[in-house]
Each structure stands twice: as structure tokens, then as C-alpha cells.
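Take a look at the structure set out below.
There are 2 protein chains.
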Amino acid sequence: MEKQQVGSLRFQIDFSQPLHEQILDQVRSAIAKGEIGLGEKMPSVRELAQELRMNPNTVMRAYQELERDGLTEKRRGQGTFVTSSPERVQVFRTDLAAKYIDAFLAQMSSLGLTWTDVKAYIQQNHTSDKGGDRS
Amino acid sequence: MEKQQVGSLRFQIDFSQPLHEQILDQVRSAIAKGEIGLGEKMPSVRELAQELRMNPNTVMRAYQELERDGLTEKRRGQGTFVTSSPERVQVFRTDLAAKYIDAFLAQMSSLGLTWTDVKAYIQQNHTSDKGGDRS
DNA sequence: TAAGTGTATTATATTATTTAATACACTTAA
DNA sequence: TTAAGTGTATTAAATAATATAATACACTTA
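Top to bottom, those sequences are chains A and B.
Here the first sequence stands for residues 40 to 174, numbered as in the numbering used here.
Here the second sequence stands for residues 40 to 174, numbered as in the numbering used here.
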């Protein structure tokens, strides 16, 4: 439940999901939202592992997926850096959003709800949500 | 990848998720969409296990969650039946939809996307989707 | 050369998932 | 009463995913 700041990154780890997935999701989000800048140096695998009190192998697993996403670049002996390409970030955002949206619409469909139903519901319950983004 | 009909229920099981979760999701959907009628008898635990070639304990686990959902009722010695209450189904549908929607909006927010962004995207890519519902 | 990078390997522990083999209480129909 | 069919509970075992631990190697920089 506790938040943890490591360089430009903020982490909040619990036991509801695999640790490497939580790191992955939260770094992805930080890059997508520009909370960590393009080209900026990431914490080293060992440093982040120590800060989050987990095994370097676990952090490594998340870092390797980030590189497959095209969101980071490794420089041998130097470290891991956020990509300098805004286009890459945009492509990633679009692709992942499409994947999430497809899955969501499938869920709604499985409950017999149409897109019109969903839109009406969200308009009613999530538009005046002034305290919605507690990060 | 293959579909399987058991009474009024249609199943499609793969290895992407735990088996008991797939049974749960697919029965929930069938009830929510009215594919199996209110008050109708479900396949017995042993029968469904045999049809789907899995262990009765695995089917049991899904059936117990269905009862917690309020979607089924057990009668000792007789079997498991879909609830006769349309209100219960409606409450379930609303509650689960709200849960799915909250999670979805959190995903979009983690990518820096607003509800307006999402709406525009879906209008463009999912409205003229005439071949969308392959079930 | 020394310290800091990412990476790879091997081993072990833990947990979730699934199967297997029974057993019990209850209901219904022969 | 009996037999078959319900849901349910228990114990054991196998498998896979997750995570930790302890090293080791190649590369870069100061």
C-alpha cells in the first residue's frame, strides 16, 4: 500500500499481481504519461531491486519486456534509458489502448451490454468525478 | 479452440487462463445473456466435468463462485439451478459491469488517455463492426 | 584497475492450479 | 428399502508460475 519514489519513478507494490507485472505496468504508465522524460536514465536493475526490496532477476524480467515494448534502450555498461522517440511512445500507447479496449468491449458483450449502454453508464457515474485521479 | 455444447451451455476452453475461471466466466455470460433460462437446471458437477474432461473439483470451484454471485441455487440431492429472480441477474450484471468499467478507466488513465479520447477511438473503430460478435 | 552496467545460469522455495481417489449426507425413483 | 444421482469435503500428488539466492561474465567509464 505504500508509495516509493525511485528517481523520477513512483512505485506502489502489493501482492495482488506478480511483482514483475506491477513494475512493468507502472513504468509503462510513467513513460506514457511523461512522468519520466524521453531519453532519461532509468534506475539500474540492481538499484531498483534494492529500493523495492526484491530480487534483481524480477526487475530484469520487467526491464526486458519494456525493451520489447520499444519503450527503453539498453547501452552496454551504461544502463537502461527511456527511448528518445516520441513516436515510439505514441505507437505503444495506441497499440496497448486498442488491446485494452478490445478486451473491455468483449467483457461488456459477455454481459449482454451494448456500447450505448456502457456510454450512458459512464456518462452518469464518471463525468462529475472530481476526485477521480488519486495517484 | 473447440466449442462444446452441454445442455443449454456452450463452452470454449483453452489454456490461457485457469480452467475454473473460464467455466465461471462462460456460465456467467450465458446467464447474463439469457442463453440459459431462469430456473433452468445446470449440468451436474460430475456431468460437466466429464463433458469438459476435467476434474469435478475444478468444476465445483466455479459452481461455488456462481452461487456466491447469486446466479445459481443448490438443492440438496437434486442439483444446481439458475436463479429464478431476474432482479438478481440484473444486480449481478450491473455490479460486474461497474467493476469492469472502473478497471478499464484506470487502464486508460494509466496510458494518459481521457474518456473523450476513448470515446472518439471506439466510435471510429468499433461502430461499423458488422462482423464483431463471433461467439 | 575498479566500480557499475546488463545478462545468464543453477538451485531452491513458495504458491496456485489441477488431477486423483475416496467418502458422506441428501433426494428421488424403482 | 435400495440404488442411483445430487452437492460437498478431504487428502495426496503433480505441474507450472513466481520469486529469491548466489554466482559469474562481458562491457563501459572513470
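For glycine and all other residues, C-beta sits at the position ideal for the given N, C-alpha and C.
Asked	Found
If I follow the unbroken beta strand (DSSP E) through LEU34 (chain B), where does it start and stop?	Outside the shown range of chain B (40 to 174) lies residue 34 (chain B), about which nothing can therefore be said.
For a contact meaning CB atoms closer than 7 Å, what does ARG115 (chain B) contact in chain A?	Per Cβ cutoff of 7 Å: no residues; ARG115 (chain B) is ~30 Å from chain A at best.
On the DSSP bridge list, what partners appear for GLY118 (chain B)?	B:ARG114
What's the call for ASP14 (chain A), buried or exposed, on a 16-neighbour Cβ count within 10 Å?	No statement about residue 14 (chain A) is possible, as the shown extent of chain A runs from 40 to 174 and does not include it.
Establish whether the CB of PHE50 (chain B) and some CB of chain A are separated by less than 8 Å.	no
For chain B, find out if any of its Cβ atoms is closer than 8 Å to the Cβ of ARG107 (chain A); answer yes or no.	no
List the residues of chain B that GLY78 (chain A) touches, going by C-beta distances under 9 Å, in chain order.	Here the premise fails: no neighbours, minimum Cβ distance about 18 Å.
Just to make sure I have the definition right: I need the residues of chain B whose C-beta is within less than 9 Å of the C-beta of ARG132 (chain A). Which are they?	LEU150, GLY151, LEU152
Label ARG114 (chain A) either buried or exposed according to how many other C-beta atoms from any shown protein chain fall within 10 Å of its C-beta, with 16 as the threshold for buried.	exposed
Short check: CB of GLY76 (chain B) to CB of VAL130 (chain B), under 8 Å?	no
Considering only C-alpha positions, which residue in the set A:MET81, A:LEU150, A:PHE50, A:SER149 is nearest to GLY118 (chain A)?	A:MET81
Do the CB positions of VAL45 (chain B) and LEU105 (chain B) come within less than 8 Å of each other?	no
Thinking C-beta only, is ALA136 (chain B) closer than 8 Å to LEU152 (chain A)?	yes
Beta carbon of ARG67 (chain A), beta carbon of ASP108 (chain A): below 8 Å?	yes
With DSSP as the reference, label LYS72 (chain A) as helix, strand or coil.	coil
Note down, in chain order, each residue of its chain lying with its Cβ closer than 6 Å to the Cβ of GLN249 (chain B), except the 5 sequence neighbours on either side.	Chain B is shown from 40 up to 174; residue 249 (chain B) falls before or after that span and cannot be answered.
Exposed or buried, which one is SER55 (chain B) when buried takes at least 16 other CB atoms within 10 Å?	exposed
Run through chain A and tell me which residues come within less than 9 Å of SER68 (chain B), C-beta to C-beta.	SER148, SER149, LEU150, GLY151
Pick out whichever of A:THR97, A:SER47, A:ALA71 has its Cα sitting closest to the Cα of VAL128 (chain A).	A:ALA71
Using CA coordinates, which residue listed in A:ALA159, A:TYR160, A:TYR102 is at the minimum distance from LEU63 (chain A)?	A:TYR102
Mind checking if LYS72 (chain A) is an interface residue toward chain B, Cβ cutoff 8 Å exclusive?	yes
Going by alpha carbons, who is nearest to ASP141 (chain B) out of A:ASN164, A:TRP154, A:ASP141, A:ALA159?	A:ASN164
Select from A:ALA69, A:SER47, A:MET93 the residue whose C-alpha is nearest the C-alpha of PRO57 (chain A).	A:MET93
Got a sec? Which residues, its chain only, sit under 8 Å from MET147 (chain B) by beta carbon, not counting five neighbours each side?	THR153, TRP154, ASP156, VAL157
So is HIS59 (chain A) in contact with chain B if we call contact Cβ pairs under 8 Å?	no
Starting from the C-beta of MET99 (chain A), find all residues in its chain whose C-beta is less than 6 Å away, skip the five residues before and the five after it, and write them out in chain order.	VAL84
Could you work out which residue in A:THR166, A:LEU110, A:HIS59 is closest to LEU150 (chain B) when comparing CA atoms only?	A:LEU110
Cβ closer than 8 Å: which chain B residues qualify as neighbours of ALA159 (chain A)?	Chain B residues near ALA159 (chain A): none, gap ~11 Å exceeds 8 Å.
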